[in-house]
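Enquirer: I am attaching a structure below and will ask some questions about it afterwards.
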Amino acid sequence: MINFKLLLLVFTLISTLAYGNNLARDISAKGDIESQSLIIPYGFYNDSTEVAAAMVFINSGYFQPQAVTLFNVFAGTNSTYSVFGALKDFQVTSFDRLFVDTTLLVSSWGELDSYQAGNPAFPDEIAGSIGSDKDNFIVANGDDNFLRLTFKYLLPIGHGKNTAIHQFRTDRGLLVPGYEAGGDHWNPLTSGRTTFIVQPFYREQDFEDDNNNEFYNITSGIKFELEYDNSDWYVNPTKGSIMSLSVARDWGAEEESSTWTSIQFEYSKFISFGENDDARQRTLGFNVWTSDVPTSDSYHLKGNNKIFHTAPLFEGSTLGGIDRQRGFPSNRFHDRSAINYSVEYRYTPVSNPFVDMPLIKKLHIPFWQIVAFTEVGSVADNWSISDLHHKMKVSLGAGIRVSVSGLIIRVDAAGSDEGGELQMFFGHTF
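Numbering-wise, UniProt numbering puts 198 at position 198 of the sequence shown, and it's gapless, one number per residue.
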């Protein structure tokens, strides 16, 4: 089933596509870099929205040469609607190393499948646990709203030592040798770009099922992250590595929210096999991601009820959906801890049929990729090597990636022991 309902959430990637704050320019470009805009209307149908009409607007360079603005809106015939806006890589005046991203979503959904407690057919099973039934979810409707501010400070070391905005050069969309931002050797002091990130966040979900049972989740807090991007180019890395460590905390600022802390670590490695007669580029990528919510076992009493300090299912240790375990629905598995391993082979053909296709050629797609991937991962009620490698889930799949206005658009089809999913998103998975 195509996860069209995720299309409105995919644009949150604008705030996390890169912490590099960079400019890319094709060798065919002449003169100064100009503002570029792209409007893409589209329509779709699914159970959540019924028939829907949508439009996405992307602009680069309007406020500042490196800044990206995005706006997306859609409306469905069952009163579903969503409005999303984002501003990425806005450089703060007088602080040339400080950049700000802003993302905002206001939405109302006609029908959603949510893997949380509440299905009366499974009274003795924990929804979303690694051994839970694939039908243990609730069907609900309601609102999903969030706001995120992301402050990114580029440290004056490595490739970020002399300039805050790295100048890339591309040839038909692919990076020209000599314009890399890292990848030749691992040393934060001399290679790559290291960024310290502070992200205040707020998200509220208010759903109701057909029996008028309410499912309310709200969280607000701050995420701190240190990222070392030692890849050659964040948009389409072919060599080097990226690693990050983050800590997110909700202090229970909202009356209905519970305090919780989440710790996550991610590492990606890229190996280039170069080009051949049929391929402009061949890349093998490896990724490992792990998460733990150490506060999950603690609780406080509210009347006679225990309120555990765990993260909402859309935060913390979650597998399934657009990035991890793509063969499963969004947030299919969630618990205190999680781990996931991914391998992708990205093949960029020499031939490019999109340049001759009617209508599509107006998008000016400089390159496309064929991708094969596999993922292995699990969740558990504690962070333990043995527990996290027990009953591991597997996703196998393939996809197509295309470059549009400096963004990677992907469509991935993946299968698992519970069926299959077609995931649509922006940017590589890692």
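For every residue, glycine included, the Cβ atom is placed at its ideal position computed from N, Cα and C.
State buried or exposed for residue 212, treating a residue as buried only when at least 16 other CB atoms are found within 10 Å of its CB.
Expert: With fewer than 16 Cβ atoms within 10 Å of its Cβ, residue 212 is classed as exposed.
Enquirer: Helix, strand or coil for residue 359? Go by DSSP, reduced to three states.
Expert: coil
Enquirer: For residue 349, does the three-state DSSP call read helix, strand or coil?
Expert: strand
Enquirer: Taking just the CA atoms, how far does residue 115 sit from residue 429?
Expert: Note on geometry: alpha-carbon atoms of residue 429 and residue 115 lie some 22 angstroms from one another.
Enquirer: Tell me where the beta strand (DSSP E) around residue 155 begins and ends.
Expert: Element bounds for residue 155: n/a, residue is neither H nor E.
Enquirer: Would DSSP call residue 329 helix, strand or coil?
Expert: coil
Enquirer: Which residues bound the alpha helix (DSSP H) around residue 385?
Expert: 385 to 388
Enquirer: Considering only C-alpha positions, which residue in the set 392, 84, 208 and 93 is nearest to residue 139?
Expert: 208
Enquirer: In terms of alpha-carbon separation, which member of 67, 178, 366 and 40 lies closest to residue 98?
Expert: 67
Enquirer: With DSSP as the reference, label residue 294 as helix, strand or coil.
Expert: helix
Enquirer: Could you tell me whether the Cβ of residue 413 comes closer than 8 angstroms to any Cβ of chain C?
Expert: In the structure shown, chain C cannot be found, because there is only a single protein chain.
Enquirer: If residue 85 and residue 71 are in contact, beta carbons under 8 angstroms, what's the gap, nearest whole angstrom?
Expert: About 5 angstroms; that satisfies the 8 angstroms criterion.
Enquirer: What residue range is occupied by the uninterrupted beta strand (DSSP E) comprising residue 111?
Expert: 98 to 114
Enquirer: Report the residue ranges of all beta strand (DSSP E) runs contained in full by the segment 169 to 234; include only those spanning at least 3 residues, in chain order.
Expert: Within the segment 169 to 234, the beta strand (DSSP E) runs of at least 3 residues that lie entirely inside it are, in chain order, 193 to 209 and 214 to 231.
Enquirer: How would you label residue 190, buried or exposed, when you count the other beta carbons within 10 angstroms and need 16 or more for buried?
Expert: Here residue 190 is exposed, its C-beta having fewer than 16 other C-beta atoms within 10 Å.
Enquirer: If you draw a straight line from the C-alpha of residue 276 to the C-alpha of residue 257, how long is it?
Expert: The C-alpha of residue 276 lies about 55 angstroms from the C-alpha of residue 257.
Enquirer: If you measure between the beta carbons of residue 247 and residue 263, is that distance less than 8 angstroms?
Expert: Yes, Cβ-Cβ distance for residue 247 and residue 263 is below 8 angstroms.
Enquirer: Given a threshold of 16 other Cβ atoms within 10 Å of its Cβ, counted over all protein chains shown, does residue 135 qualify as buried or as exposed?
Expert: Its Cβ having fewer than 16 others within 10 Å, residue 135 is exposed.
Enquirer: Express the C-alpha separation of residue 181 and residue 153 in angstroms, rounding to a whole number.
Expert: 17 angstroms
Enquirer: Below 8 angstroms on the Cβ atoms is my contact criterion, and I expect residue 375 with residue 394 to pass it. Report the Cβ-Cβ distance as a whole number of Å.
Expert: Taking 8 angstroms as the upper bound for CB-CB distance, residue 375 and residue 394 are in contact here, some 7 angstroms apart.
Enquirer: Does the separation of the CB atoms of residue 314 and residue 130 fall below 8 angstroms?
Expert: no
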